[in-house]
Every structure is written in structure tokens, then in C-alpha cells.
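A.B. asks:
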Amino acid sequence: MTTTLMSPDDTLRPPGADGGLRQAARRRYLLRLLVRRELRARYKGSLLGLGWSYVRPAVHFSVYFYVIGVFLGMDRQVENFPVYLFSGMVLVNLFTETLHSTTRSVTGNAPLVRKVFLPRELFPIASLLVSLVHFLPSMLILLGAAIVKGWRPSPESLGAAVFGFAIIVMLGLGLGLLCAAINVFFRDLEQVVDISMIVVTWSVPMIYPWTHVRTHAPGWVEDLYLANPLVSAVSLFQRAFWFPGTGKTFAFPPNLYAHATASLVFAILVFVAGRVAFARMQKRFAQEL
Amino acid sequence: MTSSIVIDSVTKHFTMRHARSIKEMSVRALRGQTLSEKFKALDDVSLTINQGETVALMGLNGSGKSTLLKLISGVMQPDAGSVLVRGRIAGLIDVGAGLHPELTGRENVHLNGAILGMSRAEIERKFDAIVEFSGVERFLDDQVKFYSSGMFMRLGFSIAAHTEPDVFLIDEVLAVGDPPFREKCLDRIRELRGEGRTMVIVAHDIQMLTGLCDRGITMRQGKVLFDGPAAEAGKLVRQDRQARRAAARAGQGGQAGQSGQSGQSGPPGQANGMAHKA
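Sequences listed follow chains A and B, in order.
All residue numbers for the first sequence refer to our numbering, where the first residue is 1 and numbers rise by one.
All residue numbers for the second sequence refer to our numbering, where the first residue is 290 and numbers rise by one.
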């Protein structure tokens, strides 16, 4: 047995002070194991395993495509509707899944939070990573479909994709940290978050083009609608993967990139706020759980 | 002597909420009952534990031992006062906490090792030692949910006992396992003690504690009652126990009507225990 006793420069420190997001991100190996555990636990004893992460978006997609696209005729209004729909859907699914699982991440790990000191940010981060693992197959399918429809990578489309993705991840992690912390004190939040996700799905131009809002709603609703960072992110993804394969007659919301920049700044602010709030509230996690 | 743990006039309160939902709250409010109760789990506790000391923390249920251990480990923060610790801390505080039932024994060794602060290389280096110590080799690739409770605890203890921290916190884990494994655990603790690590042990087995520790601290209702030789500290706890038993016997006499009320407010000790499990 090797004896590695403390180095002489070790000083007296308050225990549990070396938490925080940075410390959490530094423990890569533990993060990897936590992600693996989450995936393993989710698909425990199932024959299809991770294959289910293909089935869910496929069903989602089919329902929207047939009901909205074919039955309600959106297919005739939006050129190449399947790709349009799917490029919004992958991003919205990433966002909703991130928020759903990060909100439960701390309460779901209650025994650990109560017994062992770990940077508690590990749990929301691990949830985000699991969502990204699920995002990957959908993203590959989207790429495949876009390529079939004549999409070729270009700097502009890749830039738009990264831009949209960054908004979603920043916003998702920021809100996720906030919700995870608040959920420890008020479990009602889980329900609130899940219900809000229904609103999110319908309040972005994923199933319909944004121009419908302009035609059917007063001006201030349109302004409000376009101020939603998720609308910018979804538009950017459509700009990246759907638009190049169409006749390029579609008009995106005005000042898309200005809106998107504002959205990214907003998302970063939410992230900073979420991080600070989480760091403050986590001091009381162990006694509340 | 360098100090390893310095606890300076630490106070910790807990709030017990009797009602969580709006319905429960309004019912209690209408009845004129309180919605929550605040109690002191630790009351102005000051202690200094030196490097290499093995200290037994004794006291009845709810005297604040576990709370104190949680403050040392950093899981909880004190309301007032300060806790300072030197070096890496690891705890044997409910060894099963980090084990995931859906994962195999092998995966759990890695996961739990990483949770307790070991690096990947460190886990791989100690893997065989951990497995051998736990004695679950044959079931290493089975999911932990199929383990017997003894095997579960053995694996948990074994991982924690190989973390090589500077400060080792042990809470009520020695009560698990069959006698041979328990003996093995004690040997391992003696070995760690021999390496000059600081240890704080909480257990109810006073005889074992006095054999293992040089110093005993007796706690009563969140305060340090005694700090000195382990045998003396153990005696005090025995007295406390007898007093509580006597009180319980006397209480059974003519206070049947009050039993409901005492269940709610209870001695501070019991309330403390409940808050932990809640």
C-alpha cells in the first residue's frame, strides 16, 4: 500500500469550498462515468438499448409530418417540409430534454448529494451531456436528409449551425442549473418545466413558418415572438440545413443575425445567472433533500 | 502537532417542515399548528483534532454526531462558526450511497472510486486490491442489485477504504457485514491509523470504539459534553442511554394521552434523526 500523506504546503481549508462549475468540469473521468451510468440506467434491460433514442424522434417526426404536413397541408406551403420540420425539431428536442433532465438531476441524485461532497454542478452537466448523446443520432439523420435534398456544407451554413447550437446549449445549461437548484426547494418546478415544454414546442417556427405569426397576430405579438431566443436558434438551424436545399425564396425573420447575437448574449447572461444562483443554493442542498 | 480538523464555535440549525403542500399548510394553519420548527442540531461546538489522531464521536441518536461529520466532510455548511480541514477528506458515510444498482460490481468500483475522488489511474492500480478485499470476485460482472446486502456493503466499504485520504470519516458502517468481514474492516482501519491518517469514527458499539480510538468525544443535544480518553467518554454515553431508558419507562406510566404530542415535538435528538431521513 502506498502512503501518500499530505504535502507540507497543504493548508487548513473549509471543506466543500472547492466546488463550482470549473471544478466539476475538471473531473472528466467522473463525468464520463456519470453519463455512462445515466445511459445504462435509462435503457436498463431493454432490447433496443440506445436504439430508443432513434425511435423517439422518429415517431415524433412522423406524427408531425403526417398531421401537420400532409393532413393540414403545411407540406404545400413550405418547400421541402420534412427537412424544415426536422431541423427545428432536433434543436427543440435537445432543449426540452436538457431542461427536463437537468431539473431532476440534483433531486435524482439525492443520496449522493446528502452523503458525499462533490461539486454539485456535476449532475446538471452530466444531464446535459446525456442529452447531447441523444442529440447526435438525430443530427446525423438530419445531415443525411439534407444531403439527399441537395445540401452541401458551406461556411455560412456551418456558422449558422454552430451559432444556433451555442444558443441552445448555453440557454439549456443556464436554465437547467437554475431549475435544478430551485427544484430542491420546490418540487413543483418539475411539473412547471414539463408543462412549459409543451409551450416551447409550439412557440417556435418548427411546425409552421414564422410568417404565420405575422399574418395572424398583432405587431407586438410578432415582436415578442421574434424576441424568443429559441426562435432565433431554430431559424439559424433552418438557415443552415434546410434553406440551401430549397429554391431560396423563403424570407427569414428580419435581422436574423442581429436577433441571434442578442439571443446568444441573453443565453450567456442566463448561464452566468444560473451558475451563480446554483453555487449559492447548493450550500443548502444536503439539508433540504 | 499539526491540526487536521479545526472546528470553531459551530452552530447548525435545522428547519423541520411539517407541511409541504398548500393543502397541508392551510389545514395546519386553521388548526393553529406551527408550519415548521427550528432546532439546534449543533450548539457552539469547538474541537481541534490533530493529525494522526483516531477520535470516537459518541452520543445518543440525534446528539449531533452525524451532523458534525457532515460539516467536516463539506456536505453541509455551518450556520455560524467555521470548519477547517487539512488535506483530502473521504468518508465512509453510508457506503452504499455511491453504488448504483443497475451497474455491475466492476463498473461500480470505477464509478464509486471516482465519486470518492480517485483518479482513473489510481482506481486501475487499486482495482485488484479492492476486489480482493471485498470478496465479491465471482459476482464482479453481475449487476449490484442482485448482490446480497452484505456483499453490497462489503464492496462499498472496500472502495472507500482504499481511497487513502488524509482525513477519514467513518459513520456507522462497521455495524454491517458478518463478524469475519467486520474484523477485516477493523484491521484495515488500524492499518490506516498506523499510516498516520486522521480518523473520526461514529458508532454505537462503545466497546469497539474504546478499543480502536485514543480519544473520545461525547455529545449530548448538540453540545460537546466530554472530550478525553475514549473509555471515559464511553461511560458517559452508557449513562445517557440508561437515563433515556429510565425516562421512557417512566413516560409509559401515565402519559398515554400525551404520546401523540411527544411524537411530534419529541426530544431534539429524535427530531434531528428524522430530519436526516426525510
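For each residue, glycine too, the CB sits at the ideal point set by N, CA and C.
#1: DSSP on D430/B, reduced to helix/strand/coil?
#2: Secondary structure at M442/B, three-state DSSP: helix, strand or coil?
#3: What is the C-beta distance between I419/B and S447/B, in whole angstroms, given that I count them as a contact (C-beta under 8 angstroms)?
#4: If you pair each beta-carbon of the stretch 292-301 of chain B with each one of the stretch 362-382 of chain B, do three or more pairs fall below 8 angstroms?
#5: Give a yes or no on whether the minimum CB-CB distance between M347/B and chain A is below 7 angstroms.
#6: Would G16/A and G363/B qualify as a contact pair, given that the criterion is a beta-carbon distance under 7 angstroms?
#7: Compute the Euclidean distance between the alpha carbons of A532/B and A330/B, then round it to the nearest angstrom.
#8: Could you check what DSSP says for T343/B in three-state terms: helix, strand or coil?
#9: Can you give me the C-alpha to C-alpha distance between I459/B and F328/B, rounded to a whole angstrom?
#10: Quick one: list the residues of chain B neighbouring Q287/A, beta-carbon separation under 7 angstroms, in chain order.
#11: For a contact defined as C-beta to C-beta under 7 angstroms, what are the partners of G534/B on chain A?
#12: Could you name the residues of chain B that F117/A contacts, counting a contact when the two beta carbons are closer than 7 angstroms?
#13: Does DSSP put V276/A in a helix, a strand or coil?
#14: Using a 10 Å radius around the Cβ and a threshold of 16 neighbouring Cβ atoms, would you call F123/A buried or exposed?
#15: Any residues in the stretch 20-51 of chain A with a beta carbon nearer than 8 angstroms to a beta carbon of chain B? Which ones, in chain order?
#16: Restricting to runs no shorter than 3 residues, where is the beta strand (DSSP E) found entirely within the stretch 99-175 of chain A?
#17: Pick out the complete alpha helix (DSSP H) segments inside the stretch 207-278 of chain A, 4 residues or longer, and give them in chain order.
#18: What residues in its chain sit with their C-beta under 8 angstroms from that of V92/A, if we drop five residues either side in the sequence?
#19: Taking one C-beta from the stretch 124-136 of chain A and one from the stretch 92-112 of chain A each time, how about it: are there three or more such pairs within less than 8 angstroms?
#20: Quick one: what's got a C-beta closer than 7 angstroms to L34/A's C-beta in the same chain, skipping five residues either side?
#21: In whole angstroms, what separates the C-alpha of V398/B from that of V116/A?
#22: For G546/B and N183/A, what's the separation of their Cα atoms in angstroms?
#23: If you draw a straight line from the alpha carbon of I168/A to that of G88/A, how long is it in whole angstroms?
#24: Going along chain B, which residues have a C-beta under 7 angstroms from K283/A?
#25: Please return the same chain residues whose Cβ sits closer than 7 angstroms to the Cβ of L189/A, not counting the five positions on each side in sequence.
#26: For the stretch 96-127 of chain A, which residues have a CB atom closer than 7 angstroms to at least one CB atom of chain B, in sequence order?
#27: Examine the Cβ distances between the stretch 46-61 of chain A and the stretch 132-140 of chain A and report whether three or more of them are shorter than 8 angstroms.
#28: Run through the stretch 449-492 of chain B for me and flag every whole beta strand (DSSP E) of 3 or more residues, listed as ranges in chain order.
#29: In this structure, what does DSSP give as the bridge partners for S292/B?
#30: Check whether chain B comes within 7 angstroms of D10/A, counting only Cβ atoms and requiring the distance to be less than that.
#31: How is R306/B classed by DSSP in three states: helix, strand or coil?
#32: Considering only residues of the same chain and omitting the five flanking positions on each side of L324/B, which have a CB-CB separation below 8 angstroms?
#33: For L331/B, decide whether its Cβ has a neighbour in chain A, counting only Cβ atoms nearer than 7 angstroms.
#34: I'd like to know whether the C-beta of M6/A is nearer than 7 angstroms to at least one C-beta of chain B.
#35: Compute the distance between the beta-carbons of F285/A and V113/A, then report whether it is under 7 angstroms.
#36: Nearest chain B C-beta to G219/A closer than 7 angstroms, yes or no?
C.D. replies: In this structure, then:
#1: As a position in the second sequence, residue 430/B is number 141, starting the count at 1. The answer is coil: DSSP assigns D430/B none of H, G, I, E or B.
#2: As a working mapping, residue 442/B is identified with position 153 in the second sequence. DSSP places M442/B in helix when its eight states are reduced to three.
#3: Here residue 419/B refers to the residue found at position 130 of the second sequence. Here residue 447/B refers to the residue found at position 158 of the second sequence. Indeed they touch by this definition, with Cβ atoms about 5 angstroms apart.
#4: yes
#5: Sequence index remark: in the second sequence, residue 347/B carries index 58 (1-based). With 7 angstroms as the cut-off, M347/B does not count as an interface residue toward chain A.
#6: To locate residue 16/A, count along the first sequence from 1; it is residue 16. To locate residue 363/B, count along the second sequence from 1; it is residue 74. The answer is yes: Cβ separation under 7 angstroms.
#7: Within the second sequence, residue 532/B is the residue found at index 243, counting from 1. Within the second sequence, residue 330/B is the residue found at index 41, counting from 1. One C-alpha to the other measures close to 20 angstroms.
#8: As a first step, residue 343/B is located in the second sequence; it is residue number 54 there, counting from the start. In this structure, T343/B counts as strand in the three-state DSSP scheme.
#9: Position 170 of the second sequence holds residue 459/B. Position 39 of the second sequence holds residue 328/B. Taking the straight line joining both Cα atoms gives about 25 angstroms.
#10: Along the first sequence, read from residue 1 onward, the residue named residue 287/A stands at position 287. Per Cβ cutoff of 7 angstroms: F303, M365.
#11: Mapped onto the second sequence, residue 534/B falls at position 245. Note on residue identity: the sequence assigns Arg, not Gly, to residue 534/B. Those do not exist, as R534/B stays about 30 angstroms from chain A at its closest Cβ, beyond 7 angstroms.
#12: Against the first sequence, residue 117/A aligns to sequence position 117. Within chain B, the residues near F117/A are S362, G363, V364.
#13: For this step, residue 276/A is matched to residue 276 along the first sequence. Of the three classes helix, strand and coil, the one that applies to V276/A here is helix, per DSSP.
#14: Your numbering for residue 123/A matches position 123 in the first sequence. With 16 or more Cβ atoms within 10 Å of its Cβ, F123/A is classed as buried.
#15: R27, Y29, L30, L33, L34, R36, R37, R40, A41, K44
#16: none
#17: 211-216, 219-227, 229-241
#18: Here residue 92/A corresponds to residue number 92 of the first sequence, with the count starting at 1. So the qualifying residues of the chain are V200, T201, V204, M206, L230, V234.
#19: yes
#20: For this step, residue 34/A is matched to residue 34 along the first sequence. Same-chain partners within the cutoff: L122, A126.
#21: Residue numbering aside, residue 398/B sits at position 109 when the second sequence is read from its first letter. Residue numbering aside, residue 116/A sits at position 116 when the first sequence is read from its first letter. Distance between the alpha carbons of V398/B and V116/A is about 16 angstroms.
#22: For this step, residue 546/B is matched to residue 257 along the second sequence. For this step, residue 183/A is matched to residue 183 along the first sequence. For G546/B, the predicted model reports a pLDDT of 43, less than 50, meaning its position is unreliable and no value from the coordinates is stated.
#23: On the first sequence, position 168 is the one that residue 168/A refers to. On the first sequence, position 88 is the one that residue 88/A refers to. Going from the Cα of I168/A to the Cα of G88/A covers about 12 angstroms.
#24: Mapped onto the first sequence, residue 283/A falls at position 283. Correct list: Q366.
#25: As a working note, residue 189/A is residue 189 in the first sequence. Cβ neighbours of L189/A beyond the five flanking positions: T103, C179, I182, N183.
#26: P111, L112, R114, K115, V116, F117, L118
#27: yes
#28: 456-460, 487-491
#29: Along the second sequence, one-based indexing puts residue 292/B at 3. In DSSP, S292/B forms a bridge with N339/B.
#30: Here residue 10/A is taken as the residue at index 10 of the first sequence, counted from 1. Yes, contact with chain B.
#31: The residue you call residue 306/B lines up with position 17 of the second sequence. Strand at R306/B.
#32: Residue 324/B sits at position 35 when you count from the first residue of the second sequence. So the list reads R306, H307, A308, M314, R317, A318, once near-sequence residues are dropped.
#33: Residue 331/B sits at position 42 when you count from the first residue of the second sequence. Chain A, which has no Cβ nearer than 7 angstroms to the Cβ of L331/B, makes this no.
#34: By one-based count along the first sequence, residue 6/A stands at place 6. Here M6/A scores only 47 on pLDDT, less than 50, and its place in the model is too uncertain to base an answer on.
#35: For this step, residue 285/A is matched to residue 285 along the first sequence. For this step, residue 113/A is matched to residue 113 along the first sequence. Taking 7 angstroms as the Cβ cut-off, F285/A and V113/A qualify as a contacting pair.
#36: As a position in the first sequence, residue 219/A is number 219, starting the count at 1. No - not a single Cβ of chain B is within 7 angstroms of the one on G219/A.
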